[in-house]
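Only one structure is covered here, and it is reproduced in the block below.
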Amino acid sequence: MNTVIQNILSRRSIRNYSDTPVELELLRTIIDCGLHAPTGHNTQRVRLFVQTKHESLARINAVIQRELLAHKLTENDIMDFSVARAKAPHYHFIYHAPVLISAVAPRDRTNGMAECAAAVENMLLAAHSLGLGACWINQPHWFTDVPALRALFVPLGLTDDEVILASLCVGHTNIDNPPVPSRKDGRIQSDISL
C-alpha cells in the first residue's frame, strides 16, 4: 500500500505521553507541514502558535479546566465528555503532552475554520509519520474569546482580530498505536456504486 495512504489509515488520536521532549527538528518538520496546508487563493493567513513551556501549558490548563467546570451539561454536546474529564483531580486537557500547537486565523476570514483544520490534519499526519503521538484538541477553540485564555496567547502575538480555530498536542507516546476501529456504515452517498 502507498505509504501516504497507510499513514492516513493508521493514524490514531493518542492520549498518553512520556516526559521526553519533542526534538526541535521533528517539531519544525511538523510545523512546516501545517504551513503547507491549502488555504483559499493561497492567502496563507493561518498562523501557528506553539507552546512547550510547562508553566505556560499549566496556566492554559487551569483556565480551560475552570471554564469547563462552569459549563452546563447538555445532551449530545461534544463538550460534555471534556466537562466530565475536567472534574478529575489530575486533569490535563492535552494529556500531559509536551507540545500544544494552535492554528489561528482572522476572525472575519470566511474559510478560517477550514484552513486551520487542514493545517492541523497535516500536522497530525506528520507527527504520526515521524513516530510521535498527536491528538486533535478542541478546548482552546471553545474558549477562544475568554479573556484569561486569550491573555496566555498574546505574548506569542495573538491579536484582537484573530481566533483560535483548531489545536493539537504532540509528544512521544507511552503506548503502542491503538488498533483502528471499523468505520461506521452509511456515511457515503454517491451517484455511482462505490
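First residue of the sequence shown? That's 14 in the numbering used here, and the numbers climb one at a time after it.
Don't be surprised by glycine CBs; every beta carbon is placed ideally from N, CA and C.
Everything numeric in this text was worked out from a predicted model, so none of it was measured.
Asked                                                                                                                : Found
Contact set for residue 93: own chain, Cβ-Cβ below 6 Å, skip 5 residues either direction                             : 86
Residue 184 versus residue 63: straight-line alpha-carbon distance, rounded                                          : 13 Å
Start-to-end residues for the beta strand (DSSP E) that takes in residue 177                                         : 175-184
Candidates 25, 176, 126, of which the one nearest residue 53 by Cα                                                   : 126
Proximity below 7 Å, CB of residue 118 to CB of residue 207                                                          : no
Alpha-carbon to alpha-carbon, residue 108 and residue 28                                                             : 6 Å
Same chain, Cβ closer than 8 Å to residue 72, five either side skipped, listed in chain order                        : 165
Residue 119, enclosing alpha helix (DSSP H) - first and last residue                                                 : Careful: residue 119 lies outside any alpha helix (DSSP H), inside the beta strand (DSSP E) at 112-119.
Classification of residue 23 by the beta-carbon crowding that lies within 10 angstroms, buried from 16 upward        : exposed
Rounded C-alpha distance that separates residue 101 from residue 91                                                  : 18 Å
Buried or exposed by the 16-neighbour rule on C-beta atoms within 10 Å, applied to residue 110                       : buried
Nearest-angstrom beta carbon gap, residue 175 and residue 120 [assumed within contact, 8 Å]                          : 6 Å
Backbone secondary structure at residue 83 - three-state DSSP                                                        : helix
Own chain partners of residue 153 with C-beta closer than 6 Å, once the 5 adjacent residues on each side are dropped : 115, 177, 180
Through-space distance from residue 83 to residue 135, alpha-carbon basis                                            : 33 Å
Terminal residues of the alpha helix (DSSP H) in which residue 163 lies                                              : 160-166
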